[in-house]
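Counting in the working numbering, the sequence shown runs from 6 upward without gaps.
Glycine included, C-beta positions come from ideal geometry on N, C-alpha and C.
Notes follow the structure.
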Amino acid sequence: MVPKKWLIATLCAGILLSAGTFLLYKDINIKQAEGEKPLFMVTKIDDNNVDFAAWGQNFPTQLEMYEQTKDMNLTTDFGGSNPYSKLNRYPQLTQMWAGYPFSADFNEERGHFYTQIDQFETKRNNKEYLNAHGFPAFKGQPGACMNCHSGWAPKLIKEMGWEKFNSTPYWDIVKKLEKDHGDSIHGSKMGSTCADCHNPKDMSLRVTRQAYINAMVTRGYEADSEKGIKASRQEMRSHVCQQCHVEYYFQGDKKVLTFPWTEWKKGEPLRIENIEAYYEKNKKDFPQDWTHKETKAPMLKMQHPETEMYSSSVHARSGVGCADCHMAYERVGSQKVSNHKIASPMNNLNNACRSCHSGQTEEQLKEKVRYIQTTTANGLRNAENGIVALITDIKAARALLEKQPKFASISDPDEKTKEINKVLSKALDAHRKASMRWDFVFSENSTGFHSPQEAQRVVGQASELARIGQIEVQNALKPFGLTITPTIKATMPPAPQPTDLKNIVGNVAPKSVVNIDKTYDFSNPSK
């Protein structure tokens, strides 16, 4: 017979176990209900006030995450949010962009909190500085830059009209914002904000930038009054990012923000040849971004073409969205939220990558990224050597041709340049094409990771075109009985030094990245 005290103990244990199980299930149900709670607004929000602080009252978790982009000062091998001078790290850029404001100032960009502040602080937006440093004709940036650097852009466009908004001088619009909303981070200094990507009615994703909508409709997409363009929710997790992370130019006297995408058809990956074909077809209306100071070639400057590069990747083909990696989901209490501390996936590999690549460790994934980026970086350094070598040869050829009787007799400097350009036309065309391909990979902020094979293909073309350009220099000189020794190892210009060592913006490149760059040997361009 079982002792009475054991029966009592067993009964008590059963009661406690049942109570514990009941409380556990109750807690789980409560947490599930919290995680699935409907949208609840503490304060009313709309498109008249797009201040992220106002919207954040309803979404404190996301606001707290977003505001963390203010304090990020991370340095990765080829990116990050430490705003050091890329001209200091890569001094060859000053010669490759000679004659263009990027040769005077070009820094690593900071987080989304600084989208507008970085635009305020760059010397490329400082008329007095540029006028005093080799750009006397610079009149200032247009308001078109506000399209992606100010969260107030859609409201401004509604008030001012599309063309007037784009053509109005940048600092004039800043003054308007200061008058209407003050000069704080919630006023004229506000960059990215919630309303850029979210509809205040239900917080669904939407595209708000008109230039992107225009370009996508041209490609074959359908416009939508609520979402900007018709697309699935997963597709929208890329579209909201792609409305700004693109190649663009300012069209005509009105400086209308335009994407060169008419040759890029819906459902297809973009190739650099599509962009090149666009600019060739529109050469009469937009012949160049600038004239190279040393070679006199009509040049094109590529601008952060992440969207275009990513379109040819295995991740794009698999339906992976930008936010899947750069805003990976995570648990905050009982809620599953998209991380609004928008940053490199390298800082959050477990959530960003291992949700799919579960069979690989974080270190294995890091090594894969390092390999892709280092290989791409080596290709970029190779192309830079080739392009600077081409610039050197074209300069030398010009100097020789200027002494020839056919050109020495021309008194008008502009006319002389024009006539010599005709002789060197094939070399100048190679310079233009090589540079735009190199820049397509260099200015795309993943250092090849967004589409490794395409990055290698394009940067390889850049190197090849640079060498073809050198051959064309020789061919151009032959009829005059002239020749030069082709440059193999280019001499790079000295690294520009910052003017204010106390300012983190535009300061010297960190030793960690400088040491990485030392592993590439310019004396061995084929490396």
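As a quick exercise: from the options, pick the residue whose alpha carbon is nearest that of residue i.
i, options, result
"P503", "T496, I493, A495 and P515", "P515"
"E252", "F445, S360 and A228", "F445"
"M351", "E69, S451, K288 and A220", "S451"
"G145", "K160, L275 and S172", "S172"
"K128", "A333, G272, G511 and N520", "G511"
"S108", "Q121, N130, I122 and F125", "N130"
"D329", "E311, G338 and R242", "R242"
"T263", "K270, T223 and K271", "T223"
"A481", "T120, N426, K163 and I218", "N426"
"A471", "G196, I399 and G338", "I399"
"P65", "L275, Q340, K421 and F485", "Q340"
"D123", "E367, E231, G196 and S360", "G196"
"R359", "G166, E335 and N520", "E335"
"K75", "T366, Y376, Q121 and I280", "Q121"
"F45", "N112, F143 and P205", "P205"
"L506", "Y89, R375, Y217 and M77", "Y89"
"E424", "Q458, K301, T366 and S316", "K301"
"F143", "W176, P106, I521 and T296", "P106"
"G486", "A402, N78 and Y134", "A402"
"G474", "P498, E285, A439 and D201", "A439"
"S317", "Q248, D52 and Q458", "Q458"
Alpha carbon to alpha carbon, how far is residue i from residue j?
i, j, result
"D139", "N93", "Here residue 139 turns out to be Gly, not Asp, going by the sequence shown. Roughly 18 Å separates the two Cα atoms."
"Y2", "P174", "Residue 2 is absent from the model: the chain starts at 6 and stops at 532."
"R442", "C153", "24 Å"
"G364", "W11", "49 Å"
"T490", "L406", "15 Å"
"P265", "K288", "12 Å"
"I35", "K180", "Residue placement at I35 is poorly supported in this model, since its pLDDT is 46, which falls under 50; the coordinates are not used for a value here."
"V463", "N508", "36 Å"
"K373", "A460", "16 Å"
"C150", "K483", "46 Å"
"H331", "S349", "6 Å"
"P418", "N136", "22 Å"
"K523", "A388", "16 Å"
"S456", "I162", "34 Å"
"F83", "T380", "12 Å"
"C246", "A435", "33 Å"
"P410", "L275", "47 Å"
"E231", "R322", "26 Å"
"L98", "G338", "47 Å"
"A103", "N383", "23 Å"
"I159", "K194", "According to the sequence displayed, residue 159 carries Pro and not Ile. Between P159 and K194, the C-alpha separation is close to 16 Å."
"T366", "F125", "41 Å"
"E273", "I218", "18 Å"
"D290", "W157", "30 Å"
"E39", "A357", "Below a pLDDT of 50, predicted positions are generally treated as unreliable, and E39, at 45, falls in that range; no measurement from the model is reported."
"A413", "K298", "20 Å"
Looking only at its own chain, which residues have a Cβ that is under 6 Å from the Cβ of residue i, when we skip the five neighbours before and after it?
i, result
"C199", "F57 and W60"
"I33", "Its pLDDT being 46, under 50, I33 is placed unreliably in this model, and the coordinates cannot settle the point."
"A500", "N93 and P96"
"Q466", "R442"
"E449", "P310, E311 and M314"
"A220", "F264 and W266"
"Q37", "Only weak support is given to the placement of Q37: the predicted model assigns it a pLDDT of 46, under 50, and the value that follows is read from those uncertain coordinates. Once the five neighbours on either side are set aside, Q37 has no close Cβ partner at all."
Can you list, in chain order, the residues of its chain with a C-beta nearer than 7 Å to that of residue i? Leave out the 5 residues immediately preceding and following it.
i, result
"Q239", "G324 and G326"
"T80", "N87, P515, S517 and V518"
"T397", "T492 and A495"
"F447", "L385"
"T267", "T223 and Y283"
"Q378", "D82, F83, T452, G453 and F454"
"W269", "R224, L275 and N279"
"N78", "S86 and N87"
"H250", "H309, E311 and T312"
Using a Cβ-Cβ cut-off of 8 Å (strictly less than) and excluding sequence neighbours within five positions of residue i, which residues of its own chain qualify?
i, result
"P292", "P303"
"H362", "L370"
"Y226", "I234, K235, A236 and K271"
"K260", "P147, G148, A149, N171 and S172"
"T48", "A59, Q62 and N63"
"T488", "Q479 and L482"
"T296", "G104, A302, P303 and M304"
Looking at the C-beta of residue i, does it have a partner C-beta in chain C at a distance below 7 Å?
i, result
"E126", "The structure shown contains no chain C, having only a single protein chain."
Fill in: Every unbroken alpha helix (DSSP H) inside the segment 390 to 467 [4 residues or more]
Whole alpha helix (DSSP H) segments, 4+ residues: 410 to 413, 418 to 428 and 430 to 447.
Worksheet item: Touch check for the segment 116 to 123 and the segment 304 to 320: three-plus C-beta pairs under 8 Å?
Response: No: fewer than three Cβ pairs fall under 8 Å.
Discussion item. Suppose only complete runs of 4+ residues qualify. What are the alpha helix (DSSP H) ranges in the segment 316 to 394, listed by chain order?
Written reply: Qualifying alpha helix (DSSP H) stretches, in chain order: 319 to 322, 327 to 331 and 354 to 357.
Practice prompt. Scan the segment 148 to 183 and note each continuous alpha helix (DSSP H) run of 4 residues or more that stays entirely inside, going in chain order.
Written response: For the segment 148 to 183, whole alpha helix (DSSP H) runs of length 4 or above, ordered along the chain, are 151 to 154, 158 to 165 and 167 to 172.
Discussion item. Would you call the segment 201 to 213 in contact with the segment 253 to 269, where contact means no fewer than 3 C-beta pairs closer than 8 Å?
Written reply: Contact fails: fewer than three Cβ-Cβ distances are below 8 Å.
Worksheet item: Does the segment 386 to 395 come close enough to the segment 484 to 498 that 3 or more CB-CB pairs lie under 8 Å?
Response: In short, these stretches touch, since the Cβ pair count reaches three.
Worksheet item: Contact between the segment 64 to 79 and the segment 336 to 356: three or more CB pairs below 8 Å?
Response: In short, these stretches touch, since the Cβ pair count reaches three.
Fill in: Continuous alpha helix (DSSP H) assignments of at least 4 residues falling wholly in the segment 78 to 124
Fully enclosed alpha helix (DSSP H) runs of 4 or longer: 91 to 94 and 97 to 101.
Worksheet item: If you scan the segment 202 to 283 from start to end, which runs of the beta strand (DSSP E) of 3 or more residues do you find wholly inside it?
Response: Whole beta strand (DSSP E) segments, 3+ residues: 254 to 256 and 261 to 263.
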